[in-house]
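Just so we're aligned, residue 1 is where the sequence shown starts under my numbering, counting upward by one. Take a look at the structure set out below.
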Amino acid sequence: MSNSPTGVGKFNYLYGLINLAVVFGIVWVLWFIFMHADGVMKLYTPMYGFSLVAMLLASVILLGKVLGWPSDPERALPAGKAIGQGILGVVLSLAIMYVVYYLGFWLFIGKLGVAYFSPKALVAGGGTGAEPWNAREWSSTAILYFSTAFLWWALVWDLGFGRWPWQNDSRWVTGWSRLFAVSIFSIITFAVLFHPHVCLIFPEAQKMAGAKPWWEGWASTTSAFFGLGMVLCTLFWVVYSDLFWEGRPWKWLERGGESNLAKGVVTFLGTLLLGLLLVYVLTAIFNAIWMEPYQGGQYTDGPDWRFIHMGEVSGFCVLFAFIWKYYFNNWPNGLPLLVRAIIRSIIGVAGGMLIYWFYYSPLAVVVLGKVPGWGQPSDQPLVWTLLFLGVLLMQAQFFHDWPLRRASGQGD
1 MSNSPTGVGK FNYLYGLINL AVVFGIVWVL WFIFMHADGV MKLYTPMYGF
51 SLVAMLLASV ILLGKVLGWP SDPERALPAG KAIGQGILGV VLSLAIMYVV
101 YYLGFWLFIG KLGVAYFSPK ALVAGGGTGA EPWNAREWSS TAILYFSTAF
151 LWWALVWDLG FGRWPWQNDS RWVTGWSRLF AVSIFSIITF AVLFHPHVCL
201 IFPEAQKMAG AKPWWEGWAS TTSAFFGLGM VLCTLFWVVY SDLFWEGRPW
251 KWLERGGESN LAKGVVTFLG TLLLGLLLVY VLTAIFNAIW MEPYQGGQYT
301 DGPDWRFIHM GEVSGFCVLF AFIWKYYFNN WPNGLPLLVR AIIRSIIGVA
351 GGMLIYWFYY SPLAVVVLGK VPGWGQPSDQ PLVWTLLFLG VLLMQAQFFH
401 DWPLRRASGQ GD
């Protein structure tokens, strides 16, 4: 990610607000076509739609943050070039999503290796509950978890390790090397944080294929929502330190303007510890609101829901951080770093709570067709959040923020 403010000179905040409204409208149209219960395709089952938008966002991040394309998304482009490159980026993202999701997981890995990545392989294997709808939900859950692990490592690597240790190689060598490194760590993370739970989601638990969830003793749940919530709480700090704190304090470990092993390790461990701290704080807040959860509890009383809700809260705050960065020029910009970092962080959390209020208000029931209330099994707020993030980052990365940057006097 780039840490410089979006654009130079005078920024037109009215254009930013209009841009945000237009993007919200685009997200709503996409939501109605693909996810809405009364829409066209009704992919929000919820895990199938959840995994699709997670894979789409992972594809956008793969292009922009791992492979480093386009090379300079902060640079304003003429309208024609910005639109052409933007369309190419969208097409590439969708193509990557399709190839990895349907060909990679469903047809290759699921059929020839790990069956729970493929609905058809699960149905063919037989057993209790092995029918197409259940099988698709199970495989979607596994793919969602892998996409989450990839997103975590892609963003942490970009913030901490940067171009290390390939800083002296070409952009494409660096990008493809990072892809392999991020993929390896994603596989390890998936195996430790998510695979134990995936083996238990079937009516006949696959206890010989996966270890007992190691977090059950103190998290009071075998659900991998524990890992999902923890990862998203960690990503809260990754995004805030990158966008709002302009890469600090991790940037202080750079040598000669380049990242190094020490910076990468400290960034990973530091954001992870801060993420666990956020889990602790949100646990206390949720306990004060809904009282202590208990193993076997339903809806808001379930420990698994508490963990995924931590991720949802973090997701709302992360979404607003990107909104503030790209549509409101990461204001303020003229104050000392510590002051502007504090102000931005306060604004980011407040904005996240505003999105939280919208999502759980009666307005979202009408606009998004969501289930009213908290803790509903068929309601996953992260689906809408990740879809919004995907569209926002497509405009910011592939379209070079067109037309906002051009409208602000930053393009031709």
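No residue lacks a Cβ here, since even glycine has one placed at the ideal position from N, Cα and C. Remember, predicted model here, so these are calculated numbers, not experimental data.
Give the list of continuous alpha helix (DSSP H) stretches no shorter than 4 residues that lie fully inside the segment 298–352. 303–327
In whole angstroms, what separates the C-alpha of Ala-154 from that of Ser-183? Residue mapping note: residue 154 aligns to position 154 of the sequence shown, counting from 1. Residue mapping note: residue 183 aligns to position 183 of the sequence shown, counting from 1. The alpha-carbon atoms of Ala-154 and Ser-183 are separated by roughly 9 angstroms.
Give the C-beta separation of Leu-159 and Thr-267 to the nearest angstrom, bearing in mind that I take them to be a contact with Cβ-Cβ under 8 angstroms. Within the sequence shown, numbered from 1, the residue matching residue 159 stands at position 159. Within the sequence shown, numbered from 1, the residue matching residue 267 stands at position 267. About 6 angstroms separates the two Cβ atoms, so the contact holds.
Which residue wins for smallest C-alpha separation from Leu-371, given the options Pro-46, Pro-293 and Trp-69? If you number the sequence shown from 1, residue 371 lands on position 371. A small fix is needed here, since residue 371 is Val in this sequence, not Leu. Out of Pro-46, Pro-293 and Trp-69, Pro-46 has the C-alpha closest to the C-alpha of Val-371.
Expressed to the nearest angstrom, what Euclidean distance is found between the alpha-carbon atoms of Ala-496 and Leu-278? Nothing can be reported for residue 496: it is not among the residues displayed for the chain, which extend from 1 to 412.
Compute the Euclidean distance between the alpha carbons of Ala-209 and Trp-331, then round it to the nearest angstrom. Counting from 1 along the sequence shown, the entry for residue 209 is found at position 209. Counting from 1 along the sequence shown, the entry for residue 331 is found at position 331. The straight-line gap from Cα to Cα measures roughly 50 angstroms.
Going by DSSP, which residues form a beta bridge with Arg-255? As a first step, residue 255 is located in the sequence shown; it is residue number 255 there, counting from the start. Glu-258.
Is it right to say Glu-258 is buried, meaning 16 or more other beta carbons lie within 10 angstroms of its own, or is it exposed? For this step, residue 258 is matched to residue 258 along the sequence shown. That one is exposed.
How many Å lie between Thr-234 and Leu-272 at the Cα? In the sequence shown, counting from the first residue as 1, residue 234 sits at position 234. In the sequence shown, counting from the first residue as 1, residue 272 sits at position 272. Their Cα atoms are separated by approximately 5 angstroms.
Measure the alpha-carbon distance for Asp-401 versus Leu-363 and round it to whole angstroms. Taking the sequence shown and counting its residues from 1, one reaches residue 401 at position 401. Taking the sequence shown and counting its residues from 1, one reaches residue 363 at position 363. In a straight line, the C-alpha of Asp-401 is about 29 angstroms away from that of Leu-363.
Am I right that Gly-175 and Val-66 are in contact with their C-beta atoms under 8 angstroms? What's the rounded C-beta distance? Numbered from 1 along the sequence shown, position 175 holds the residue referred to as residue 175. Numbered from 1 along the sequence shown, position 66 holds the residue referred to as residue 66. That belief holds up - the Cβ atoms of Gly-175 and Val-66 are roughly 6 angstroms apart, short of 8 angstroms.
Do Pro-119 and Ser-147 have their beta-carbon atoms positioned less than 8 angstroms apart in this structure? For the purposes of this step, residue 147 is taken as residue 147 along the sequence shown, with counting starting at 1. For the purposes of this step, residue 119 is taken as residue 119 along the sequence shown, with counting starting at 1. Their beta carbons are not under 8 angstroms apart, which means Ser-147 does not touch Pro-119 by this criterion.
Would you give the residue range spanned by the alpha helix (DSSP H) that Phe-388 belongs to? To locate residue 388, count along the sequence shown from 1; it is residue 388. Its alpha helix (DSSP H) spans residues 381–393.
With distances taken Cα to Cα, identify the nearest neighbour of Leu-56 among Ala-396, Arg-405, Leu-386 and Ala-341. Translated into the one-based positions of the sequence shown, residue 56 becomes position 56. Answer by Cα proximity: Leu-386.
Which of the three DSSP states, helix, strand or coil, is assigned to His-36? Numbered from its first residue, the sequence shown carries residue 36 at position 36. Here His-36 sits in coil by DSSP.
Alpha carbon to alpha carbon, how far is Val-313 from Phe-226? On the sequence shown, position 313 is the one that residue 313 refers to. On the sequence shown, position 226 is the one that residue 226 refers to. Their Cα atoms are separated by approximately 14 angstroms.
Might you give, ordered along the chain, the residues of its own chain that have their beta carbon closer than 6 angstroms to the beta carbon of Gln-395, omitting 5 neighbours on each side? Taking the sequence shown and counting its residues from 1, one reaches residue 395 at position 395. The answer is none, since no qualifying residue turns up.
Give, in chain order, every unbroken run of the alpha helix (DSSP H) that is at least 4 residues long and sits entirely within the segment 133–205. Listed in chain order, they are 171–189 and 195–198.
As a quick exercise: from Ile-342, Phe-34 and Asn-168, pick the residue whose alpha carbon is nearest that of Leu-52. Counting from 1 along the sequence shown, the entry for residue 52 is found at position 52. Ranking Ile-342, Phe-34 and Asn-168 by Cα distance to Leu-52 puts Phe-34 first.
What three-state label does DSSP hand Tyr-359 in the structure shown? Start at 1 with the first residue of the sequence shown, and residue 359 comes out as number 359. Reduced to three states, the DSSP call for Tyr-359 is helix.
For Gly-411, does the count of other Cβ atoms within 10 angstroms reach 16, so buried, or fall short, so exposed? As a first step, residue 411 must be located in the sequence shown, where it is residue number 411. Residue placement at Gly-411 is poorly supported in this model, since its pLDDT is 40, which falls under 50; the coordinates are not used for a value here.
Taking the alpha-carbon positions, what's the Gly-84 to Pro-78 distance? Mapped onto the sequence shown, residue 84 falls at position 84. Mapped onto the sequence shown, residue 78 falls at position 78. In this model, Gly-84 and Pro-78 are separated by some 10 angstroms (Cα to Cα).
Work out the CA separation of Trp-157 and Asn-260 for me, nearest whole Å. Locating residue 260 in the sequence shown gives position 260, where the first residue counts as 1. Locating residue 157 in the sequence shown gives position 157, where the first residue counts as 1. Asn-260 and Trp-157: Cα-Cα distance of roughly 11 angstroms.
For Lys-120, which three-state DSSP category applies? Taking the sequence shown and counting its residues from 1, the one referred to as residue 120 is at position 120. Lys-120 falls in the helix class under three-state DSSP.
Hey, how far is the Cα of Ser-177 from the Cα of Gly-162? Counted from its first residue, the sequence shown places residue 177 at position 177. Counted from its first residue, the sequence shown places residue 162 at position 162. Whole-angstrom Cα-Cα distance: 12 angstroms.
Could you tell me whether the segment 371–384 touches the segment 298–310, using the rule of 3 or more Cβ pairs below 8 angstroms? yes
Output yes or no for whether 8 angstroms exceeds the beta carbon distance between Phe-474 and Asn-329. Residue coverage of the chain in this structure runs from 1 to 412, which leaves residue 474 outside it and unanswerable.
Does the contact criterion of 3 or more C-beta pairs under 8 angstroms hold for the segment 115–134 versus the segment 211–221? no
Same chain only: Cβ atoms within 7 angstroms of Gly-39, ignoring 5 sequence neighbours per side: Position 39 of the sequence shown holds residue 39. Closer than 7 angstroms at Cβ, skipping near neighbours: Phe-32 and Ile-33.
Please determine, among Leu-122, Ile-355 and Met-230, the residue with the shortest C-alpha to C-alpha distance to Gly-311. Translated into positions along the sequence shown, residue 311 becomes position 311. Ranked by how close their Cα comes to the Cα of Gly-311, the residues Leu-122, Ile-355 and Met-230 have Met-230 in first place.
Count the other CB atoms, across all protein chains shown, that sit within 10 Å of the CB of Ser-241; report buried if there are 16 or more and exposed otherwise. As a working note, residue 241 is residue 241 in the sequence shown. By the Cβ neighbour-count rule, Ser-241 is buried, with 16 or more other Cβ atoms within 10 Å of its own.
Helix, strand or coil for Asp-242? Go by DSSP, reduced to three states. Stepping through the sequence shown from its first residue, residue 242 is reached at position 242. DSSP places Asp-242 in helix when its eight states are reduced to three.
Does DSSP classify Trp-215 as helix, strand or coil? Start at 1 with the first residue of the sequence shown, and residue 215 comes out as number 215. DSSP places Trp-215 in coil when its eight states are reduced to three.
Extent of the continuous alpha helix (DSSP H) run through Phe-50: In the sequence shown, residue 50 corresponds to position 50, counting from 1. 47–61 is the extent of the alpha helix (DSSP H) around Phe-50.
Terminal residues of the continuous alpha helix (DSSP H) containing Ser-93? On the sequence shown, position 93 is the one that residue 93 refers to. First-last of the alpha helix (DSSP H) with Ser-93: 79–98.
Buried or exposed: which applies to Pro-249, given that a residue is buried once 16 or more other Cβ atoms fall within 10 Å of its Cβ? Taking the sequence shown and counting its residues from 1, the one referred to as residue 249 is at position 249. Exposed is the call here.
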